[in-house]
Amino acid sequence: SGPTCSTFTLQAFSMRLLLFVSVFILAASGTSGSKLEHPNFKLHGCYLRRGSGANLKFSVSSSEPMTIESCQKDCSRYTFRYFGVADGTYCFCGNTKPYPKVPLFRCDQKCPGNYYQICGGSNSMVVYEQPATLATASAEHPNLKLQGCYFHRNYEDENLKYRISTSESMTIESCQKDCSRYTFRYFGVAKTECCCGDPKIANKISLNRCNYRCPGNPKQICGGIFDGMVVYEQPATLVTASAEHPNFKLQGCYVHVYKEVENLKYRISTSESMTIESCQKDCSRYTFRYFGVATTECFCGDSKIANKISLNRCNYRCPGNPKQICGGINSMVVYEQPATLVTASAEHPNFKLQGCYVHLNNEDENLKYRISTSESMTIESCQKDCSRYTYRYFGVANKTECYCGDSLRKEQTSNECNYRCPGNLKQICGGSEYMVVYEQPDILPAASAEHQNFKLEGCYFHYDDPSSNLRRYKSSNESMTIESCQKDCSVTTDRYFGVISGTHCYCGDLIMSAQLSLKKCDYRCPGNPKQICGGSITMVVYEQPASAEHPNFKLQGCYLHSKKQNNLRLYISSSESMTIESCRKDCSVTTTPYFGVISGTYCYCGDSIMGTQLSLRKCDYRCPGNPEQICGGFDSMVVYEQLL
């Protein structure tokens, strides 16, 4: 029989079903070879993103170059079982098996970071299960008592509100260690943040909400994805800490915010092994009444202490002694120095106190010449160092620095010189940027560069280079005098001798650098403090004395020679290379018994000496032909008797 109506109907349905299956297969196969299957992660299927099941509701990341691997990595930081990608760029995690499931062709959006992968679709999510090889994580800890998972929201009145540290490699142990520096009872971790506190812990939530693996140990739990903190109690074995001290009177705990609210404004030292004793010792070098510690910083001061707070706010254990309290977060524990500490005074029985002066390094300041530094400085040692110079004043700044000078320029102050001298705690050695100044005693002898036997040439720059004055270094002597240097140089033929830096003697024929004020040569000679032995880079120079004595001719002396008193009236010769011998030779052609030289170059002969006799020092012109001989003076004649 022919086909019936039902036959045509069945055929039509079969054709439509074949067409639908073909389209489904084409859609499921994707485009350009993209795949849903992954070699490392179990595919659970394609799910409606906004269905009644609220699939994988924890959104952990979004990325333009999203891949299946990057989403799996982001979710592996948590303990979630499933992960999935939706709309090409959004990564989700969760523990609830997703529904409703939709056909795979609904997940048709290529991953931006890998076109061979599928990253969900419009309003649909491709879902995978985390691999079984992922380490199991637990909030339980073998050494610490777990309190649970608590609600924690930053910047509000929250649990464990003191955030102590943050770390991208956070573990439970590292947070416990950071909080053990304080006296807090509890500590907790919220992802990468470590917090401590003592208040009663409120807003406990399900432990499942704390599901974030610790970055430094993925087997541990470090809080949760949203507002979750895992909290522990510090072990009972942690030593008890107290602010009370058997030797120092506790003043209390005070607000201390750097550059805002500061008690004891002088920060003296910092130490990663701070203790109460070490801070007290550091402050005992000053005259301050109080000392205090703010974590690792030690402060001193005399001012009235304000903004006292509860002693509980000072809860930071001293790094060098965890049984002691070294302040807290924005707080300082303060003590009073013991009454047994010796009193210090700037007054001195032997030196006249000028006062306390501002002293700023590298500026136009008081007593600008820093002479010495010493970790055992006293007023006496500084005075002794400066007594080697001709300065009127001496002073000590910053405990260890000794200065000298002749003028006081900066303003005075009354109480900023509060550093005890390291070598004598009863004395004051200035302050931070302040100097205590004294006047040298009158018993110190006056010093002068003038010398009765040697002609002073002046004070000159002297450097250790070829252009220096008196290039020949002769000797060094810790008891140097002008006479000892002259004696050392007298064995040479050099015309000049000089002393630099108090102890170094030089000889030479040339003075090559610029002359300076005699004040620049200010070192007293160690062997005779009435004499000047140069300066730091300056040399006092003298001319070697020439002798008027002669082995072959009898010296008659030095005589005035002028129009009114004309000795040896017979002018015989003139020479730019005059010597005593040449003048005597010229006069030997005469029968006169005497000959003499004036002004270095003029030779006279005569029968009698008629002028007034002068000191030999008035005949001070060296002979041009022999500088070791004397050829008279400007208006004076050196006279000899010929030995015929």
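According to mature numbering (1 follows the signal peptide of the UniProt record, and there is no 0), the stretch in the sequence shown is residues -33 to -1, 1 to 611, in order.
Even glycine gets a Cβ: it sits at the ideal position worked out from N, Cα and C.
Small disclaimer: the values here were computed from a predicted structure and weren't measured.
Where the beta strand (DSSP E) through residue i begins and ends
i, result
"glutamate 368", "368 to 372"
"glutamine 39", "Taken as a continuous stretch (DSSP letters only), glutamine 39 belongs to no beta strand (DSSP E), being part of the alpha helix (DSSP H) at 35 to 42."
"glutamine 218", "216 to 222"
"isoleucine 338", "336 to 340"
"cysteine 550", "Premise fails: cysteine 550 lies in the alpha helix (DSSP H), 547 to 554, not in any beta strand (DSSP E)."
"glutamate 200", "195 to 200"
"lysine 290", "288 to 292"
"histidine 471", "471 to 475"
"asparagine 81", "81 to 85"
"methionine 402", "401 to 406"
C-beta neighbour in chain C for residue i, strict 7 Å
i, result
"histidine 5", "Judged by its chain identifiers, the structure shown contains no chain C, having just a single protein chain."
Buried versus exposed call for residue i [16 or more other C-beta atoms within 10 Å across all chains shown]
i, result
"alanine 106", "buried"
"phenylalanine 258", "buried"
"proline 65", "buried"
"valine 534", "Checking the displayed sequence, the identity of residue 534 turns out to be asparagine instead of valine. Asparagine 534 is buried by the Cβ-count criterion."
"serine 514", "exposed"
"threonine 505", "buried"
"glutamine 532", "exposed"
"asparagine 282", "buried"
"leucine 3", "buried"
"glutamine 419", "exposed"
"valine 52", "buried"
"asparagine 126", "buried"
"threonine 357", "buried"
"residue 686", "The structure shown has nothing for residue 686, since the chain only spans -33 to 611."
"asparagine 333", "buried"
"asparagine 178", "buried"
"serine 484", "exposed"
Run of the alpha helix (DSSP H) containing residue i, from where it starts to where it stops
i, result
"glutamine 453", "449 to 456"
"isoleucine 139", "139 to 146"
"glutamate 244", "243 to 250"
"isoleucine 346", "346 to 353"
Pairwise C-alpha distance: residue j and residue i
i, j, result
"histidine 223", "tyrosine 302", "14 Å"
"phenylalanine -21", "cysteine 74", "For phenylalanine -21, the pLDDT reaches just 45, beneath the cut-off of 50, and the residue's location in the model is therefore unreliable, although a value from the coordinates is still provided. Each residue's alpha carbon lies about 27 Å from the other."
"tyrosine 360", "lysine 351", "12 Å"
"serine 89", "arginine 48", "24 Å"
"arginine 130", "glutamate 36", "33 Å"
"phenylalanine 255", "aspartate 489", "38 Å"
"leucine 10", "leucine 174", "28 Å"
"glutamate 595", "leucine 522", "15 Å"
"isoleucine 246", "glutamate 264", "Checking the sequence shown, residue 246 turns out to be cysteine, not isoleucine. Between cysteine 246 and glutamate 264, the C-alpha separation is close to 8 Å."
"tyrosine 57", "glutamate 140", "34 Å"
"leucine 225", "isoleucine 192", "Note on identity: in this sequence residue 225 is tyrosine, with leucine being the wrong assignment. Going from the Cα of tyrosine 225 to the Cα of isoleucine 192 covers about 35 Å."
"glycine 581", "glutamine 482", "The sequence given here has leucine at residue 581, not glycine. Approximately 31 Å, taken between the alpha carbons."
"serine 457", "isoleucine 449", "12 Å"
"aspartate 602", "serine 542", "17 Å"
"leucine 392", "asparagine 317", "17 Å"
"serine 1", "isoleucine 85", "6 Å"
"tyrosine 153", "cysteine 142", "11 Å"
"glutamate 406", "arginine 355", "14 Å"
"residue 695", "cysteine 349", "The question about residue 695 has no answer here: the residues shown for the chain are numbered -33 through 611."
Contact under 7 Å by Cβ, residue i with residue j
i, j, result
"cysteine 116", "isoleucine 172", "yes"
"glutamate 368", "threonine 340", "yes"
"valine 260", "glycine 294", "yes"
"glycine 87", "threonine 34", "no"
"aspartate 194", "phenylalanine 72", "no"
"valine 309", "valine 363", "no"
"leucine 507", "glycine 469", "The question names leucine, but residue 507 is valine in the sequence shown. Result no, Cβ atoms of valine 507 and glycine 469 do not sit closer than 7 Å."
"isoleucine 467", "glycine 501", "yes"
"glycine 567", "cysteine 598", "yes"
"cysteine 396", "lysine 366", "yes"
"methionine 545", "proline 591", "yes"
"valine 206", "proline 289", "yes"
"phenylalanine 25", "tyrosine 95", "no"
Residue nearest to residue i in terms of C-alpha spacing, selected from the options
i, options, result
"serine 399", "Cys384, Tyr405, Cys388 and Asn495", "Cys384"
"residue 614", "Pro412, Asn420, His471 and Tyr405", "The structure shown does not extend to residue 614, since the chain spans only -33 to 611, so no value can be given for it."
"leucine 23", "Tyr45, Tyr440, Tyr571 and Asn62", "Asn62"
"lysine 128", "Gly191, Asp602, Met196 and Ile192", "Met196"
"serine 251", "Met299, Thr237 and Gly268", "Gly268"
"arginine 17", "Ser91, Ser209 and Pro70", "Ser91"
"arginine 462", "Glu417, Tyr430, Glu510 and Gly155", "Glu510"
"proline 166", "Lys158, Asn279, Lys248 and Val69", "Asn279"
"leucine 101", "Pro289, Met479 and Asp41", "Asp41"
"serine 240", "Ile292, Gln218 and Val94", "Ile292"
"histidine 429", "Ser503, Thr357, Tyr386 and Lys366", "Ser503"
"proline 496", "Cys570, Leu411 and Asn519", "Leu411"
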